[in-house]
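> Mind having a look at this structure? Questions to follow.
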Amino acid sequence: MSLLKSLVAAVALLGAHAQAAGVSGTAIGFASGTTGGGSAVAAAPSDTTELTKWLTDSTPRTILIEKEFNYLGTEGKCTDCKCCIPESNTCGSAGQNAIDNSDWCGSYPTTTCTYDKAGIEGINVASNKSIVGVGSNGVIRGKGLRLTGVSNVIIQNIHITELNPQFIWGGDAISLNGTNNIWIDHVKVNLVGRQMFVSGYKASGAVTISNSEFDGQTSWSASCDGHHYWTVLGYGKDDQVTFTGNYIHHTSGRSPKLEFNSFWHAYNNYWFNNTGHAFDIGESTNALIEGNVFHQVKIPMLKDSSPGATFAVSSSSAATCKSKLGRDCAPNSLVQSGTLSASDESVLSAMPKGESSVNVLAASRVRSSVLSNAGVGKLSSSNSKRQFRGQIAPVLSSAGPGASPAGPKPTWSWRTVGVKPTPSSIPIAFPTTFPTETPQGSHFGGKGKGEGSSGGFPFGWF
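Residue numbers (my numbering): 35 to 496.
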């Protein structure tokens, strides 16, 4: 009997590896045709040293992330280093102080801080890589992924977490600069110091971000309300990004912030519990926003002083797409949220070839579909070529409806770096004292202090 059990276990293990040995599905949208490591035999690295080597070498690879790779401490700590207290931090240990990135701190009051060096710079991922998590086990802790001047990369089913979340400039989870054919799918990001995703300044063409979870719950909030402010930032000139099937929750700004001559197609995403703003669309950006659900989002779109062209589909404008795209667009749905109004039809004429043919669901189906598919450990319930097959009724909780598993516990102590969040410290209702528009001055990295000077910090100008 024991031999039979062993054989059954072995067969199950082999089956799990066979299922995980490669990318699930194919990219849709702008990143269609991305192959990553292609036919390379899938293999699992043994430790952070080997993972870094495989990610950075010139060999096409399919890299299986079967466990947690913990980079904390691998590059040492910066102890009692120069930091500052930005004016956004009005709540002490519940806010974010800033690492002194070049001259960003300016005249802000100085303080000292201790942070992990590994989180500051991401791993420089080379071209022709598939990075694929196995089940819900694929975690990269303490370090992000940086893609510069590369092409044909797939990042799927991994959880990136704990990049100095206490500090502005603590680290970005995924950053792109001058890339092409990048597919980010079923990724979860939380507890980062800066951006969960960022692109710029060089163009990143053919990018798809799909079925991913951006979890903003934090004990160190730049908006002092338990919500992460720095979420998604598109700063690349001539970026082309498909943003679909994603779950963006407990954020307070930059969800996303878009600038320059780029085109973003955001459809069938679910925004939940945003105490500030979701979209912030700046100069020269083209954005088509359709078939999304905004649930408890105070400001679905911030009014920029020099806005780009935006077409946010409503029930009255859905048919406008027919003559330009060959189909009706899908109206957005707003539930307990502010208004979303933008009707610049030039966006439809500017849409790059091929993107108009995607399959867009009605907003009434989006919430349940996203909650059953977005995040890590859900590849079996989602096929990225034909998304949102599940219709599972989510469970509401203080963590947000249907949030993916929290993953391994943090390695730091709540007692030493902050106050552990409770359901009451991450409110579902909007705070009555939150400003009408999220601050855009220097302390939030708008067109003010810190732009254009990165110093030793990659993407420090963001």
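Cβ coordinates follow ideal geometry from the N, Cα and C atoms, glycine included.
Which word fits V331, buried or exposed, when buried means at least 16 other C-beta atoms lie within 10 angstroms of its C-beta?
Buried is the call here.
> Does the separation of the CB atoms of S296 and D314 fall below 8 angstroms?
No, they are not a contact pair.
> What does the Cβ neighbour count give for G239, buried or exposed, with the cut at 16 atoms within 10 Å?
Classification of G239: buried, given that the 10 Å Cβ count is 16 or more.
> So which of P341, G310, M335 and L336 has the shortest CA-CA distance to E293?
When only C-alpha atoms are compared, the closest one is P341.
> To the nearest angstrom, how far is the alpha carbon of A74 from that of F277?
Cα-Cα distance, rounded: 28 angstroms.
> Just mark D81 as buried or exposed, buried being the case when its beta carbon has 16 or more other beta carbons within 10 Å.
By the 10 Å Cβ count, D81 comes out exposed.
> Would you please state the rounded distance, in angstroms, between the beta carbons of G212 and Y269? I believe it to be under 8 angstroms.
Not a contact, Cβ separation roughly 12 angstroms.
> The beta strand (DSSP E) with C258 in it runs from where to where?
Note, C258: premise wrong, no beta strand (DSSP E); not H, not E.
> Does the Cβ of E196 have 16 or more other Cβ atoms within 10 Å, making it buried, or fewer, making it exposed?
Buried: at least 16 other Cβ atoms inside 10 Å.
> Short check: CB of S257 to CB of S286, under 8 angstroms?
The answer is yes: Cβ separation under 8 angstroms.
> For S92, which residues from the same chain have a beta carbon less than 7 angstroms from its beta carbon, with the 5 sequence-adjacent residues on both sides left out?
Only A160 meet the Cβ criterion.
> Return the first residue and the last residue of the alpha helix (DSSP H) that W254 is part of.
No alpha helix (DSSP H) contains W254, which DSSP labels as neither H nor E.
> Check for me: the beta strand (DSSP E) holding A132 runs from which residue to which?
From DSSP, the beta strand (DSSP E) with A132 extends over N131 to I133.
> Our contact map puts I6 next to G205 with C-beta atoms below 8 angstroms; I'd like the distance itself, whole angstroms only.
Any property of residue 6 remains undetermined from this structure, which presents the chain solely from 35 to 496.
> Taking M230 as the reference, which of F248, K387, V327 and A396 has the closest Cα?
Comparing Cα positions, the closest option is F248.
> Give the secondary structure of N326 by DSSP, where H, G and I count as helix, E and B as strand, and everything else as coil.
N326: coil per DSSP, three-state reduction.
> With three or more beta-carbon pairs closer than 8 angstroms as the criterion, would you say the segment 164-184 touches the segment 113-124?
The segment 164-184 is not in contact with the segment 113-124.
> Cα separation between A384 and A128?
Using only the alpha carbons, I get a separation of about 43 angstroms.
> Per DSSP, which one or two residues make a beta bridge with M335?
According to DSSP, which records beta bridges pairwise, M335 is partnered with F313.
> Roughly how far, in whole angstroms, is the beta-carbon of N171 from the beta-carbon of K87, given that I think they are within contact range, below 8 angstroms?
Actually they are not in contact, since the Cβ atoms of N171 and K87 sit about 21 angstroms apart, beyond 8 angstroms.
> With DSSP as the reference, label K101 as helix, strand or coil.
The answer is coil: DSSP assigns K101 none of H, G, I, E or B.
> Would you kindly work out how many angstroms separate the C-alpha atoms of G59 and D219, rounded to a whole number?
Going by the C-alpha atoms only, they are around 10 angstroms apart.
> At the level of alpha carbons, what is the spacing between G360 and A346?
Their Cα atoms are separated by approximately 17 angstroms.
> What are the boundary residues of the alpha helix (DSSP H) that includes C355?
From DSSP, the alpha helix (DSSP H) with C355 extends over C355 to L359.
> Just tell me which of S380, N326, Q274 and A343 has its CA closest to the CA of G388.
With distances taken between Cα atoms, G388 lies closest to Q274.
> Run through DSSP, which three-state label would W88 get?
If DSSP states are grouped into helix, strand and coil, W88 belongs with the helices.
> Determine whether the beta carbon atoms of P334 and L382 lie at a separation below 8 angstroms.
Cβ distance not < 8 angstroms, so P334 and L382 don't count as in contact.
> Is there at least one non-hydrogen atom of the ligand SAH closer than 7 angstroms to the beta-carbon of D206?
In terms of ligand content, the structure shown is empty, and the ligand SAH therefore cannot be addressed.
> By the DSSP assignment, the beta strand (DSSP E) with N407 in it spans what residues?
Segment V400 to N407 is the alpha helix (DSSP H) holding N407; no beta strand (DSSP E) there.
> Rounded to a whole number of angstroms, what is the C-alpha to C-alpha distance between Q370 and Y304?
Whole-angstrom Cα-Cα distance: 13 angstroms.
> According to the neighbour-count rule (16 or more other Cβ atoms, all chains shown, within 10 Å of its Cβ), is S246 buried or exposed?
The residue in question, S246, is buried, as its Cβ has 16 or more Cβ neighbours within 10 Å.
> In whole angstroms, what is the alpha-carbon distance linking L430 and V404?
In this predicted model, L430 has a pLDDT of only 31, less than 50, meaning its place in the structure is not dependable enough to derive any value.
> Excluding five sequence neighbours on each side, which residues of the same chain lie with their C-beta closer than 6 angstroms to the C-beta of F328?
Contacts found: W305, P334, L368 and S371.
> Report, in whole angstroms, the separation of the C-beta atoms of I216 and A65, which I expect to be a contact under 8 angstroms.
Indeed, because the Cβ distance is near 6 angstroms, the residues count as touching under 8 angstroms.
> Using the C-alpha atoms, what's the distance from T90 back to N158?
Spanning the two alpha carbons is a distance of roughly 6 angstroms.
> Go to A34, then tell me how far its alpha helix (DSSP H) extends in each direction, as first and last residue.
Absent from the model: residue 34. The displayed extent of the chain is 35 to 496, so no value can be given.
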